[in-house]
Amino acid sequence: MTSSMTSSTWPIALKDATIHPVIEQEGGFFELFGFFPSLTKELFEENRSWLQPTFVDAEHRLMLCIQSFVVKTAHHNILIDACVGNHKSRPTRPFWNMLDSDRFEKGLAGVGLTVNDIDYVMCTHLHGDHVGWNTRLDNGRWVPTFPKARYIMTDRELAYWTGREKENPASAPWITDSVLPIVAAKREHIVKSDFAFNEAISFIPTPGHTIDHFSVLVGKKGEDALITGDMIHSPLQGKYPDIGMMSDYDSVQAGQTRRRIFDRFCEEPTIMCASHFPSPSTGRVRRWGDGYKFVAAS
Ligand SMILES: [Zn+2]
């Protein structure tokens, strides 16, 4: 990936679908070495020249995008992940606490949609910055933001997080306000992490970051795109797939997942839509020494 890529990267037009980003936030939210606990100063210095300033800022903060992707097909509008959301109490994350922003809704309007047009929401995993817009506040109650949508989640991911929330609600407030209300409204659709939605859209299990994380493959072989979710957070984890991030369920497994996925796609034309990479967040994955790099997809 280079910073010279332009917004003409978007939308990604495939034979069976188009993919559009809907951005909620972009910036340096987390300190690099806290985010990647096993990253050493030495390894960072070795890679500083390509990481700064696009992927790491001058204050050693990791540059991240918080975004959803809309997949439009002939029959459906699908939202993949749902950012942070408004009015959510996130005391441990000041930059996500009680947001009151119209950027997400404007982004949706920018691709010609309103909340009423979304048919499915696919939740790659149930972390707070991926489920927030699942719900909105209505007269003091959390209700589904997308009134017509079915919300697709995996069985093990939902079981894990509802279990944690039951044990200690304060440890996962986003489950309380952004996931359980979907279940209460009977809008959830529970699947396995290798679910095939149709011939052109299927899930690939990418566990490790969370217990049952999946990525979404859109299109057909030779003309497709992979929406990674949080399978990867920074191109640094491409070059060094074994570097875990602070919230991983199992960083060893997450590293194995990255190697398996990148090995599978590194000679393919598949466009990676890496949810947290700075805009335009796309690239094709190619071998780079013992790891992988992202090259411009346009
Ligand atoms: Zn995550």
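Okay, so the sequence shown: first residue is 41 according to my numbering, each after it adds one.
Note that CB positions come from ideal geometry on N, CA and C, so glycine has one too.
Which of the three DSSP states is assigned to residue i in this structure?
| i | result |
| --- | --- |
| Gln65 | strand |
| Trp50 | coil |
| Glu307 | coil |
| Met45 | Caution applies to Met45, whose pLDDT of 42 falls short of 50 and renders its modelled position unreliable; the model cannot decide the point. |
| Phe109 | strand |
| Arg88 | helix |
| Thr74 | The sequence shown places Gly at residue 74, not Thr. Looking at Gly74 - three-state DSSP - the assignment turns out to be helix. |
| Ala337 | coil |
| Thr80 | coil |
| Pro221 | helix |
| Thr58 | strand |
| Pro213 | helix |
| Ala236 | strand |
| Phe95 | coil |
| Pro351 | For the chain, the structure presents residues 41 to 338; residue 351 sits outside this window and is missing. |
| His100 | coil |
| His229 | strand |
| Gly331 | strand |
Cα separation between residue i and residue j?
| i | j | result |
| --- | --- | --- |
| Ala199 | Asp288 | 17 Å |
| Met41 | Ala314 | Any reading at Met41 must be qualified, since the residue scores a pLDDT of 42, below 50, and its modelled position is unreliable; the value itself is stated next. Computed Cα separation, rounded: 11 Å. |
| Arg324 | Gly269 | 16 Å |
| Ala189 | Tyr160 | 5 Å |
| Thr58 | Lys226 | 29 Å |
| Thr46 | Arg326 | In this predicted model, Thr46 has a pLDDT of only 45, less than 50, meaning its place in the structure is not dependable enough to derive any value. |
| Arg181 | Phe305 | 43 Å |
| Lys112 | Ala265 | 13 Å |
| Pro134 | Phe69 | 9 Å |
| His115 | Arg299 | 34 Å |
| Val183 | Phe235 | 26 Å |
| Ala337 | Asp330 | 22 Å |
| Trp90 | Val96 | 9 Å |
| Phe73 | His316 | 17 Å |
| Asp140 | Ile241 | 33 Å |
| Phe334 | Asn179 | 45 Å |
| Phe84 | Arg101 | 12 Å |
| Phe186 | Glu307 | 38 Å |
| Lys81 | Arg143 | 35 Å |
| Thr322 | Glu99 | 25 Å |
| Glu239 | Asn117 | 16 Å |
| Leu104 | Ala224 | 32 Å |
Suppose the cutoff is 8 Å on Cβ atoms and the five residues either side in sequence are ignored; what does the same chain contact list for residue i look like?
| i | result |
| --- | --- |
| Trp328 | Gly278, Lys279 |
| Glu197 | Cys163, His165, Leu166, Ser233, Thr250, Ile251, Asp252, His253 |
Under 6 Å Cβ to Cβ from residue i, same chain only, skipping five residues before and after it: list those, please.
| i | result |
| --- | --- |
| Ile244 | Ser255, Leu257 |
| Gly147 | Val62, Ile63 |
| Gly248 | Asp290, Gln293, Ala294, Thr297 |
| Gln65 | Ile106 |
| Phe302 | Val325, Tyr332 |
| Asn126 | Leu139, Asp140 |
| Ser44 | Annotation note: pLDDT 41 at Ser44 (below 50); position unreliable, coordinate value reported separately. So the list is empty, once near-sequence residues are dropped. |
| His273 | Met285, His316 |
Check the C-beta distance from residue i over to residue j and give it rounded, since I have them as a contact under 8 Å.
| i | j | result |
| --- | --- | --- |
| Met271 | Ile230 | At roughly 21 Å, the Cβ-Cβ gap does not stay under 8 Å, so Met271 and Ile230 are not in contact. |
| Val151 | Val110 | 5 Å |
| Phe122 | His170 | The residue asked about is misnamed: residue 122 is Ala in this sequence, not Phe. Indeed they touch by this definition, with Cβ atoms about 6 Å apart. |
| Leu220 | Ile158 | Wrong, their Cβ atoms sit about 20 Å apart, outside the cutoff. |
| Trp201 | Leu166 | 5 Å |
| Ile311 | Ile52 | 6 Å |
| Asn156 | Ser218 | Not really, about 19 Å apart at Cβ, beyond 8 Å. |
| Tyr191 | Ile215 | Not quite, the Cβ-Cβ distance comes to about 13 Å (not below 8 Å), so this is no contact. |
| Arg204 | Gly168 | About 12 Å separates the two Cβ atoms, so there is no contact after all. |
| Lys206 | Gly172 | With 8 Å as the limit, Lys206 and Gly172 do not qualify as a contact, their Cβ atoms being about 21 Å apart. |
Which same chain residues end up closer than 7 Å to residue i when comparing Cβ atoms and leaving out the 5 residues on each side of it in sequence?
| i | result |
| --- | --- |
| Ile283 | Phe76, Ser78, Leu79, Leu276, Gln277 |
| Trp50 | His60, Pro61, Pro320 |
| Leu54 | Val258, Gly259, Glu263, Asp264, Ala265 |
Is the Cβ of residue i closer than 7 Å to any Cβ of chain C?
| i | result |
| --- | --- |
| Leu139 | The displayed structure is made up of one protein chain only, and chain C is not part of it. |
* Fully enclosed by the segment 249 to 325, which beta strand (DSSP E) runs are 3 residues long or longer? -> Here the runs fully enclosed are 254 to 260, 263 to 267, 311 to 313.
* To do: May I have a chain-ordered list of the alpha helix (DSSP H) segments no shorter than 4 residues that lie completely inside the segment 124 to 210?
  => List check, alpha helix (DSSP H) in window: 143 to 150, 168 to 171, 195 to 207.
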